[in-house]
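In this note's numbering, the protein residues as written are 21 to 270.
Just so it is clear, CB atoms sit at the ideal spot from N, CA and C, and this is done for glycine as well.
For reference, the structure discussed in these notes is given below.
Structure, rendered in structure tokens:
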């Protein structure tokens, strides 16, 4: 179906795969984890007929003649020079997403279970559009805190053995103030969800990613900068800003 207000389109995973391959776009984006179907010519033809009927019923054209806006979104996803990939974990089914942009066009796709939503967005709004699908929550408590990667890994290892007290103790030994150690502890020991956003430009992967953790206290971003790990309480605008900084660095 097509949302009359936003123009976003909902497809089944099977419809997406059949449309993508019929347009000759190559392999579907890995991030969307779309299952290949129709291994034999006969089964592919049968599935294509079924999908074409379902698409036509929703005014989306057919597999071999999709609606213009739908075809445009798929083409942009396949040819965009800058891409973003998203994975979100939480209490429900995983959410995965993919976005692609070039100078003129951008498109976003998000999949939960067997359903994929597609939308055309502004080229400078791909990060915000993709992250807009996250569960709503507030920023975590406290302020940004840093620790060296080596001390962070030591603290995590001790946390595995001795729980939160062991994790915090190692951070204190590394020189973190109690308030900073508490921010790390809140982010890493009470998480109930989270995710990661990565980016590529012309096939070259960004060396950094934007990761976040959802906890009972709110959302925290976790980022690595060289030999340092930073945890930052973030709301959606601040998390989007971090994603846009990552894109600017490509």
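What's the C-alpha gap between residue i and residue j?
i           : j           : result
residue 124 : residue 159 : 33 Å
residue 91  : residue 235 : 39 Å
residue 167 : residue 252 : 12 Å
residue 164 : residue 118 : 29 Å
residue 146 : residue 109 : 20 Å
residue 112 : residue 199 : 32 Å
residue 43  : residue 32  : 17 Å
residue 203 : residue 135 : 36 Å
residue 95  : residue 213 : 32 Å
residue 23  : residue 156 : 21 Å
To which residues of the same chain is residue i closer than 7 Å at the C-beta, ignoring the five residues directly before and after it?
i           : result
residue 205 : 184, 187 and 188
residue 73  : none
residue 175 : 187, 190 and 191
residue 57  : 34, 37 and 67
Go ahead and label residue i buried or exposed: buried means 16 or more other beta carbons lie within 10 angstroms of its beta carbon, across all protein chains shown.
i           : result
residue 50  : exposed
residue 103 : buried
residue 149 : buried
residue 100 : buried
residue 162 : buried
residue 182 : exposed
Measure the CB-CB distance between residue i and residue j and report whether it falls below 7 Å.
i           : j           : result
residue 201 : residue 171 : no
residue 120 : residue 97  : yes
residue 233 : residue 258 : no
residue 71  : residue 54  : no
residue 224 : residue 266 : no
residue 270 : residue 228 : no
residue 208 : residue 116 : no
residue 114 : residue 39  : no
residue 271 : residue 151 : Residue 271 lies beyond the residue range present for the chain, which begins at 21 and ends at 270; the question has no answer from this structure.
Which residues in the same chain as residue i place their Cβ atom closer than 6 Å to its Cβ, once the five residues preceding and following it in sequence are excluded?
i           : result
residue 21  : 30 and 78
residue 138 : 29, 93 and 129
residue 216 : 107, 229 and 231
residue 143 : 121 and 126
residue 179 : 186 and 187
Return the chain-ordered list of same chain residues with a C-beta closer than 8 Å to the C-beta of residue i, the five sequence neighbours on each side being excluded.
i           : result
residue 169 : 244, 247, 248 and 249
residue 76  : 82
Cβ pair count under 8 Å reaching 3, the stretch 239-246 against the stretch 118-132: The stretch 239-246 is not in contact with the stretch 118-132.
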